[in-house]
Amino acid sequence: MINIILLGPPGAGKGTQARKLVEERGMIQLSTGDMLRAAMGSGSEMGKKVADVMSRGELVTDEIVIGLIEEQIKTAGGNGFIFDGFPRTLPQADALGQLLARNGASLNAVIEMRVDDAALVRRITGRFTCGNCGEVYHDETKPTKVEGTCDECGSHDLKRRADDNAESLKTRLMEYYKKTSPLIGYYYAQGDLFGVDGLAEIDEVARQMAEILDQQA
Ligand code: ADP
Ligand code: ADP
Ligand code: ZN
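Quick look at the structure:
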């Protein structure tokens with residue numbers, strides 16, 4: 000069982016790589032962004048509470064996301080967790096350490112995905128996803144083979160995220176640098192930090208990740 004964190008700014012490629020690891024290694028992807036969007040879609044009280052904060056690109060409270068992760072860690076089985084978009088603050092990182100320890104687990108690697116800001120703008124403004132199976136696409140770097148149809152499941156329900164615009168991205172990047180990037184030092188100090196070149200092609204990033212994971216096995 001290998002537990003990893005994918006750490007990187009919005010658009011770095013965390014979701015894309017997490018999905019590949021799920022497919023190839025049977026790991027479980029825990030994306031707090033996906034969980035929050037699901038809560039919004041279901042119209043729950045919590046979903047309503049976070050909608051505005053998310054559309055502005057600010058972080059939701061630590062309490063909410065820690066609660067979401069706690070539920071999943073308790074119930075999910077599988078071949079290790081991929082934490083995608085969590086933790087994003089130092090209190091979240093502390094909480095994750097405690098949650099794992101309480102469940103007799105620990106963290107194997109934190110993989111920092113390095114990408115520059117100019118590339119992130121292109122990544123975010125070109126992103127769309129399949130509403131049925133969750134596959135992630137890009138207008139230029141990863142278009143569907145047939146326009147308007149998901150390669151994986153054939154659905155025509157392709158959509159763009161409300162917060163994937165230049166304005167909200169500016170806030171999301173600042174939130175990342177202020178609140179999330181300190182985690183790089185935190186995990187470096189613990190000896191858990193690894194890095195990949197997030198600007199490389201999708202398959203090359205996956206290869207660099209596999210190398211890191213295979214060292215842990
Ligand atoms: P991205 O793919 O751009 O990295 P996510 O889907 O991970 O974005 O997150 C979308 C939004 O959900 C964030 O801008 C934030 O409002 C909220 N969010 C997701 N994960 C967290 C978290 N761990 N802590 C606080 N807010 C979060
Ligand atoms: P994150 O989960 O970190 O926000 P995503 O995995 O959703 O990032 O990727 C953001 C966008 O960039 C998507 O449109 C995706 O198809 C594209 N993308 C992801 N990785 C790469 C890559 N290595 N090269 C080019 N485009 C990529
Ligand atoms: Zn699909």
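Under numbering that gives the first Met the number 0, the first residue of the sequence shown is numbered 0, with each subsequent residue one higher.
Just so it is clear, CB atoms sit at the ideal spot from N, CA and C, and this is done for glycine as well.
| Query | Result |
| --- | --- |
| Who are the near neighbours of I81 in its chain, counting only those whose CB is closer than 6 angstroms to its CB and skipping five residues on each side? | I3, A17, L20, M26 and Q28 |
| Hey, which unbroken runs of the alpha helix (DSSP H) at 4 residues or more fall wholly within the segment 15-60? | 31-41 and 44-55 |
| Who pairs with F240 in a beta bridge, going by DSSP? | Because residue 240 is not part of the residues shown, which for the chain are 0 to 216, the question remains open. |
| Leaving out five residues on either side along the sequence, give the residues of the same chain with a beta carbon under 7 angstroms from the beta carbon of N107. | I1, N2, I3 and Q215 |
| Assuming I65 contacts M45 under a Cβ cut-off of 8 angstroms, what Cβ separation, rounded to an integer in Å, is found between them? | That belief does not hold up - the Cβ atoms of I65 and M45 are roughly 13 angstroms apart, past 8 angstroms. |
| I think I110 touches V52, with their Cβ atoms under 8 angstroms apart; what is that distance to the nearest whole Å? | Not confirmed; about 27 angstroms, so no contact. |
| Between S167 and ligand 3, is there a pair consisting of the residue's CB and a ligand heavy atom that are separated by less than 6 angstroms? | no |
| Let me know the beta strand (DSSP E) ranges lying completely inside the segment 163-215, each 3 residues or longer, listed in chain order. | 192-196 |
| When the Cα atoms are used, what is the spatial distance from G190 to T148? | 43 angstroms |
| Measure the CB-CB distance between S54 and A161 and report whether it falls below 7 angstroms. | yes |
| Could you check the C-alpha separation between P142 and T15 for me, to the nearest Å? | 13 angstroms |
| Can at least three beta-carbon pairs, one atom from the segment 125-133 and one from the segment 92-100, be found at a separation below 8 angstroms? | no |
| Around the C-beta of R171, are 16 or more other C-beta atoms found within 10 angstroms, so that it is buried, or is it exposed? | buried |
| Counting only the same chain and skipping the five closest in sequence on each side, list residues whose C-beta sits under 8 angstroms from that of D61. | T88, P90, Q91 and A94 |
| So K177 and G84 are in contact, right, with Cβ under 8 angstroms, and what is the actual spacing, rounded? | About 16 angstroms separates the two Cβ atoms, so there is no contact after all. |
| Tell me which residues pass a beta-carbon proximity test against ligand 3: closer than 6 angstroms to any heavy atom, given in chain order. | C129, N131, C132, E134, C149, E151, C152 and S154 |
| Determine the DSSP secondary structure at I65, reduced to helix, strand or coil. | helix |
| Let's see if you can read the secondary structure: which residues bound the alpha helix (DSSP H) around R122? | D116 to T124 |
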